[in-house]
Amino acid sequence: MKDQLQRLAAQLVGIWKQIGLNQKISLVLGACVVIAAAMSLAWWSTRTDYGLLYGRLDDTEASKVVAVLDELKVPYRVAGGQIQVPIDRIHFLRMKLIERGLPRGEGMGYELFDKSNFGISDFLQRANYVRAVQTELARTVVQMDGIESARVFVVIPENRLLLEAQKKPTASVLVRTRGNGPLPTASVNSIRYLVANAVEGLQASQVAVMDSRGNTLVADSDADSMGGMTTTQFNIRKQYEQYLAKSAETMLEKVLGPGQAVVRVAAELSFDSGKKDDEKFDPEGQVTLKEETRDKKNDTENAKNGGGAPGVSSNAINDTNSPAASAPANTSKMSEKTTTKTYGVTKVTTSVVQPPGALKRISAAITVNLRYEGEGASRKPVPRTPEELEKLKRIVQSTLGIQLDANGPRKDELNLEEMAFNEQYAVELNKQLQKEELKQTIFTVLRNLGYPAIALFAFVTFFKMLKKTSVDDIPVGSPFDETTPGAGPEGWPGRQRKPDVVTVGVLNQLMKENPENMNLALRNWINRNKPAE
């Protein structure tokens, strides 16, 4: 093995001595390119990608985090309050730092009470409690998605003996969002309820939330009013309108194509609630429930002499011969019959409970893009027929539940128009996106294939140069009297020209000047002229 390496080294040295200056320069440049490409490729494949561990840290917190990273022997980079570490170790390092209570952020939380301070006044104790609550709330708010930093201010009034003089606590929250983007209403409500439930006696309506740009973030509050509606009612109406518009727009896009229709809906809702009782009677459906009949008879007979009061014996002498005694007695009879009937009449009692949010009126406006035919310069708009527009209008009417009856309880409106959309902005934006995508694709291809392509090109060039360096190209020398200054094939001044006719004298001179090259040339000539066996 050692002998083979020595022979290989000797052959390489011999070839190096035999090749020309141009070939030596080309080989050196090719070797440098190959080495540089290999080193770049190795660096690219083994380089470390860094990601953000924590940002916007003050110097104190940053120094504590850096001390932990040094202890763990983790490479890092610090720039502008940001600490970057290898991207594959970000989550591991965050867990390690959280385990040690880092970063703590601004202020001191409940760790203020870790040490017992004897002799502290009630005022300082109360002030420390408020500071701890504010810091803990700020740390909790920062844990929410989309929030980069937060500060919380809580005002807790002193307890009063009289309830009338007792003031309610209030709070303010200042947040900085990531990328200065808007904070969703749901997040604002979460912050308010979080702070309200963390402080005794604090209501969510008494918590104000603002962003770093000075905007008051609107949240759910009964005190807020928008056109006679609370924020909750306004959000309900907005969600209902968006739901109807999305339903109609999705259906139209299935027929016309994406982006070919715009739907806007305005709904009027009634948030009044109540109960209504209605009773109706049906006389035709009466039924006899009870019937009672009473009979009353009275017989009365008067005496023939009417002297004396009834029940008192008369003192008069009965004179049978008198005319009164001979007169007949009076008799009277009375009969009375009473019938009482009780009827039951059909009664319908209806109780209607009206919940808040009843629909009172809908107004819808639909804009449909013109239909185009052709491509490029021959692209022309083709308006739709009135029948087609009427079909689209009926479809939208059924989808939204619009009542166009003039005599109906609701006065709904529906307007559908066809007009050309302004697509110039979309076209320019699409072109810009295509350019950016092309640049990104080219950069990715060059990044992934550039270094291997350079290495391959250098290797192929080096291989071709070695292939061209054959025995025939090895200079065997030429007589000095045969030189032609500046007439060489490479254009080098003073280069010796190969003689046109090789004589015995020329061969002798070449053998004297360069015997090694002459031996190689003779072997090559002999091998060429040797007949094949």
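According to this note's numbering, the sequence shown holds residues 212 to 744 in order. Every residue gets a Cβ at the ideal spot worked out from N, C-alpha and C, and that includes glycine. Note that this is a predicted model, so its numbers are computed, not measured.
How would you write the range of the alpha helix (DSSP H) that residue i sits in, first residue to last?
i      : result
ALA459 : 442–467
PHE364 : That residue, PHE364, is in no alpha helix (DSSP H); its beta strand (DSSP E) goes 358–366.
LEU600 : 597–611
GLN229 : 213–229
ASN339 : 333–353
LEU405 : 396–409
Give the straight-line distance between the Cα atoms of residue i and residue j, rounded to the nearest whole angstrom.
i      : j      : result
PRO286 : TYR404 : 41 Å
VAL353 : GLU359 : 6 Å
ARG350 : ALA361 : 8 Å
PHE324 : GLY485 : 54 Å
LYS501 : GLY612 : 52 Å
SER689 : LEU238 : Reliability fails at SER689, whose pLDDT of 45 lies under 50, so the model's placement of it is uncertain and the value that follows must be treated cautiously. Straight-line Cα distance between these residues: approximately 26 Å.
LEU615 : SER574 : 10 Å
LEU600 : VAL363 : 56 Å
MET545 : THR504 : 17 Å
GLU391 : GLU598 : Per the sequence shown, residue 391 should be read as Asn rather than Glu. C-alpha separation (whole angstroms): 49 Å.
PRO314 : ARG305 : 9 Å
ILE294 : ARG288 : 6 Å
ARG389 : THR346 : 20 Å
LEU216 : LEU657 : 39 Å
LEU283 : LYS275 : 13 Å
PHE492 : ARG621 : 29 Å
SER681 : LYS646 : At SER681 the pLDDT is 48, less than 50, meaning the model places this residue with poor confidence; the figure from the coordinates comes in the next sentence. SER681 and LYS646: Cα-Cα distance of roughly 50 Å.
GLY357 : VAL559 : 58 Å
GLY587 : PRO469 : 20 Å
VAL341 : PRO393 : 29 Å
GLN450 : LEU335 : 49 Å
VAL344 : VAL296 : 32 Å
VAL279 : ARG311 : 9 Å
LYS379 : ILE309 : 36 Å
TYR554 : ASP489 : 22 Å
LYS307 : GLN377 : 46 Å
GLU639 : GLU648 : 14 Å
ARG595 : THR610 : 21 Å
ALA653 : GLY661 : Per the sequence presented here, residue 653 reads as Ile, with Ala not at that position. Near 10 Å, if we compare the C-alpha coordinates of GLY661 and ILE653.
Taking only three categories from DSSP, how would you classify residue i?
i      : result
GLY702 : Confidence in GLY702 is poor, its pLDDT being 41 and thus under 50, which makes the residue's placement unreliable; the coordinate value appears in the next sentence. DSSP places GLY702 in coil when its eight states are reduced to three.
LEU281 : The sequence given here has Asp at residue 281, not Leu. In the structure shown, ASP281 sits in a helix (DSSP, three-state: H, G or I).
ASP270 : helix
GLN645 : helix
ASN233 : helix
ALA477 : strand
PHE303 : helix
GLU586 : coil
ASN626 : strand
LYS552 : strand
GLN565 : strand
GLU639 : helix
LYS378 : coil
GLU369 : coil
LYS326 : coil
ALA253 : helix
GLN414 : coil
LEU500 : strand
ALA789 : Residue 789 lies beyond the range of the chain shown here (212 to 744); nothing can be said about it.
LEU615 : coil
PRO314 : coil
GLY392 : coil
PRO663 : helix
Tell me, please, whether the CB atom of residue i is closer than 8 Å to any CB atom in chain D?
i      : result
ARG311 : Reference to chain D is not applicable here, since this structure consists of a single protein chain.
Quick check on the DSSP output: the beta strand (DSSP E) that includes residue i runs from which residue to which?
i      : result
ASN580 : 569–580
VAL420 : 418–422
SER383 : 381–388
ALA745 : Residue 745 lies beyond the stretch modelled for the chain, which goes from 212 to 744, so this question has no answer here.
LYS591 : 591–593
In terms of DSSP beta bridges, what is residue i paired with?
i      : result
PRO297 : TYR261
ALA290 : GLN293
GLY485 : GLN565
MET545 : ASN509
THR427 : MET421
VAL559 : LYS491
Stretch pair the region 579–589 + the region 624–642: three plus CB contacts closer than 8 Å = yes
task = Mind the definition here: the region 264–277 touches the region 296–306 only if three or more C-beta pairs lie below 8 Å; say whether that holds.
result = yes
ask   = Should the region 239–259 be called in touch with the region 663–670, which here means at least 3 C-beta pairs below 8 Å?
value = The region 239–259 makes contact with the region 663–670: 3 or more CB pairs, one atom from each, lie closer than 8 Å.
request  = Pair every Cβ in the region 564–573 with every Cβ in the region 476–484, then say whether three or more of these pairs are closer than 8 Å.
outcome  = yes
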